[in-house]
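2 protein chains.
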Amino acid sequence: MLLGLAPLLPSAARTQAGGDPLPSWRDGPAKRALLDFVAAVTAEGGPDFVRPPERIAVFDNDGTLWMEQPIYTQLLFILDRIRALAPQNPVWQEDPLFQAVIAGDLRAAAAGGTAGLLRLAGAAQAGNSPEEFQRIVTGWLATARDHRWSRAYTQLVYQPMLEVLALLRARGFTTFIVSGGGVEFVRAFSEETYGISPHQVVGSTFAVHPGEQDGRITLNRQPQVDFVDDGPGKPVGIARHIGRRPIAAFGNSDGDFQMLQYTTEGPGRRLGMIVHHDDAEREYAYDRDSHVGRLARALDEAPRRGWSVVSMRQEWMRVFPWS
Amino acid sequence: MLLGLAPLLPSAARTQAGGDPLPSWRDGPAKRALLDFVAAVTAEGGPDFVRPPERIAVFDNDGTLWMEQPIYTQLLFILDRIRALAPQNPVWQEDPLFQAVIAGDLRAAAAGGTAGLLRLAGAAQAGNSPEEFQRIVTGWLATARDHRWSRAYTQLVYQPMLEVLALLRARGFTTFIVSGGGVEFVRAFSEETYGISPHQVVGSTFAVHPGEQDGRITLNRQPQVDFVDDGPGKPVGIARHIGRRPIAAFGNSDGDFQMLQYTTEGPGRRLGMIVHHDDAEREYAYDRDSHVGRLARALDEAPRRGWSVVSMRQEWMRVFPWS
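In order, the protein sequence lines correspond to chains A and B.
Counting in our numbering, the first sequence runs from 1 upward without gaps.
Counting in our numbering, the second sequence runs from 324 upward without gaps.
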């Protein structure tokens, strides 16, 4: 099973870099597991063949497709928005969580976990339509820069994972993002950055209320989170949005555990893959003790569940597209 | 604007029936509006050009793609399920709505409206996973027959609308169903019947609870409806699931009013189309006074909103694929 199968791939997958569809991946166990899986499920007449409509692959976003350290990019956006909107919302001064944000105390702001993050997220964008909100996110992404690399966040995506997306699509897969982040936040850049259409993004959501103004339909985003697409929420989001169990799942944290589990517990050939951030020099090194992207249970159970753990340090020749 | 534009269409749309992509449509105002719209939004360099990712078209299902008289097909399924499950659920005997169903009193069962329908729907399928439920629906559809034509319900789809779906897809559109029906019910046949993938079906949903049994993920459908994709719910469902405002919408009842409104109020060239059931001989004739698929406000406002009203009797040469 660990033979390099790249030479066996038909031409659609061999259009990049002289036949290797994964040029940024070193020839290690993860690359072999990937190519082996793709070859198996696309081999017509073979025992593991999967017809194209059922070739569903799901990807976590934060820490799997783009960087999530030292803090989630969406949280940085929310903090900027809260600070910008604070003068118009004096009631926020009475809430410790908002006080922390306005004071720039990121540690206190992050201590609220996913629930705190989503409460801030709701407040930071309530009262807009989904279309207006996406424009706000797009505008923010155009100017915001990561401190360590002075790069736009949409440049801090993982080149090896872009190659996986391209390979799978070339082999008839439909690729989805299944993110704990807000669905409209991710949609603001998913098409341009990953080639993933808005309708192929599953994420956490806020209540949206329909109304009418001057005889026209309005959609108003409410501050209440009504679905958290994280942990056990991910299989629920997949079932509701995609309506089909994926055959391949890519994650990097315990928030992806149930998505990996749901995917790989289905019948037939499956692929579960975990990006392990073990490269402090080129990116970050973190797992069990991280507040962001904690990876413990999934790392412990990966061997017996047959999930591949990708060592970023050992298996990725390149991390970012520009590096 | 009402010139026949079929001769101007590029080859992709002219593959059927010797160049006419809509062979079951008589050369009337609706067909001309359709072809005119498609030509305009796909003309590169033209003032109305829309790039392919934004070519989103949404279709109601009941009464727009398939028959909804004398009663919604999903309700027939639910009635069958309720009767089959009644012996295991003695508590249903104390509920007037369930009593009516078990007694076969369809009028009383239908009087509960959408809320009643969805309560019955929840009870009829609670406790299954989405995958199990789809298998149950598929099994039912394989044997259930409409009384008037003795045909499977998946054969009671409108040939002219199948041609619209094919035309739009050939011209780079992505086609979605946006149904008041349960999303998993529609997904059970959408791919085979319409060529629409499960993830391109938006519909009403029941709460789904994740759990674990024998160390494996379980998803349990609850009897509580948590989203009604009808009327003002349709733009909400579109925004949440598709994440982009459609440029074309097809409906047949006031339950589609807000979807048509949301679609056609966007900037640029838009198409809103209403299937008007005025053919008692070949199908059914109903609008203002119908309990199923009531069409009044949308019919009244169509002219000033620029929506095309399709006379089934006058503009469809064929109704069903087999007729």
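The beta-carbon is built from N, C-alpha and C at its ideal position, and this holds for glycine as well.
As the structure is a prediction and not an experimental result, all values here were calculated from the model.
Taking C-beta atoms as the reference points, A:Arg32 and A:Met317 fail to come closer than 7 Å.
For A:Ile242, the chain B residues whose Cβ falls inside 8 Å of its Cβ are Pro521 and His522, in order along the chain. Contact between A:Asp278 and A:Ser311 holds: their C-beta atoms lie close to 6 Å from each other, under 8 Å. Nearest in C-alpha terms to B:Phe512, of all of B:Gln397, B:Gly595, B:Leu440 and B:Ala447, is B:Gln397.
Leaving aside the five residues that flank A:Gly172 on each side, the residues in its chain whose CB is nearer than 6 Å to its CB run, in chain order, Pro52 and Arg55. When beta bridges are read from the DSSP output, B:Gln536 appears opposite B:Arg539.
Annotation: B:Phe580 to A:Asp256 spans about 39 Å, alpha carbon to alpha carbon. Residues are counted here when their Cβ sits less than 8 Å from a Cβ of chain B; for the stretch 243-270 of chain A these are Gly243, Arg244, Arg245, Gln258, Gln261, Tyr262 and Glu265, given in chain order. Scanning the stretch 406-466 of chain B from its first residue to its last, the whole alpha helix (DSSP H) runs of 4-plus residues come out as 419-425, 429-433, 436-448 and 453-466. Within chain B, the residues placing a beta-carbon under 7 Å from that of A:Leu219 are Pro558, Val559 and Ala562, ordered along the chain. Membership of A:Met312 in any beta strand (DSSP E) is not indicated; the residue belongs instead to the alpha helix (DSSP H) covering Met312 to Glu315. Taking the CA atoms as reference points, A:Leu141 sits about 27 Å from A:Leu168. Taking C-beta separations shorter than 8 Å and ignoring five residues to either side along the sequence, the partners of B:Ala447 in its chain run Phe400, Ile401, Arg404, Ile405 and Leu408, following chain order. Using a CB distance cut-off of 7 Å, B:Val509 does not count as an interface residue toward chain A. Under the 7 Å criterion on CB atoms, B:Val531 is classed as interfacial with respect to chain A. DSSP places A:Gly63 outside both helix and strand once states are collapsed to three, so it counts as coil. Apart from the 5 residues on each side of it in sequence, A:Asp254 sits with its Cβ closer than 8 Å to the Cβ of Gly231, Arg294, Leu295, Ala296, Arg297 and Ala298 in its chain, given in chain order. A direct Cα-to-Cα measurement between A:Phe185 and A:Gly195 gives close to 15 Å. Within chain A, the residues placing a beta-carbon under 7 Å from that of B:Pro555 are Pro210, ordered along the chain. Scanning the stretch 154-196 of chain A from its first residue to its last, the whole beta strand (DSSP E) runs of 3-plus residues come out as 174-182.
Chain A has no Cβ within less than 7 Å of the Cβ of B:Thr498. Taking the beta carbon of A:Glu283 as reference, no residue of chain B falls within 7 Å; the closest one sits roughly 29 Å away. Annotation: B:Asp612 to A:Ile102 spans about 57 Å, alpha carbon to alpha carbon.
The beta carbon of A:Arg216 sits closer than 7 Å to some beta carbon of chain B. Here the alpha carbon of A:Arg240 sits roughly 8 Å from the alpha carbon of B:Thr528. Contacts between B:Thr477 and chain A, judged by CB atoms closer than 7 Å, are missing: the closest CB pair is about 17 Å apart. Cβ proximity to chain A below 8 Å picks out Pro376 from the stretch 347-377 of chain B.
Per DSSP, the continuous beta strand (DSSP E) segment holding A:His276 begins and ends at Leu271 to His276.
Among the CB atoms of chain B, one or more fall inside 7 Å of the CB of A:Thr205. Rounded to whole angstroms, B:Phe382 and A:Asp146 show a C-alpha spacing of 43 Å. Within chain A, no C-beta atom comes less than 8 Å from the C-beta of B:Pro626; the nearest is roughly 15 Å away. Across the structure, B:Gly462 and A:Asp95 are spaced so that their CA atoms are roughly 54 Å apart. In the DSSP assignment, B:Gly574 falls within the unbroken beta strand (DSSP E) covering Ala571 to Gly574. Cβ-Cβ distances below 6 Å link B:Met390 to Leu479 in the same chain, with the five nearest sequence neighbours on each side left out; the list follows chain order.
Residue ranges of uninterrupted alpha helix (DSSP H) with 4 or more members, entirely inside the stretch 24-49 of chain A and ordered along the chain, are 29-42.
Rounded to whole angstroms, the gap between the alpha carbons of B:Gly556 and A:Ser323 is 46 Å.
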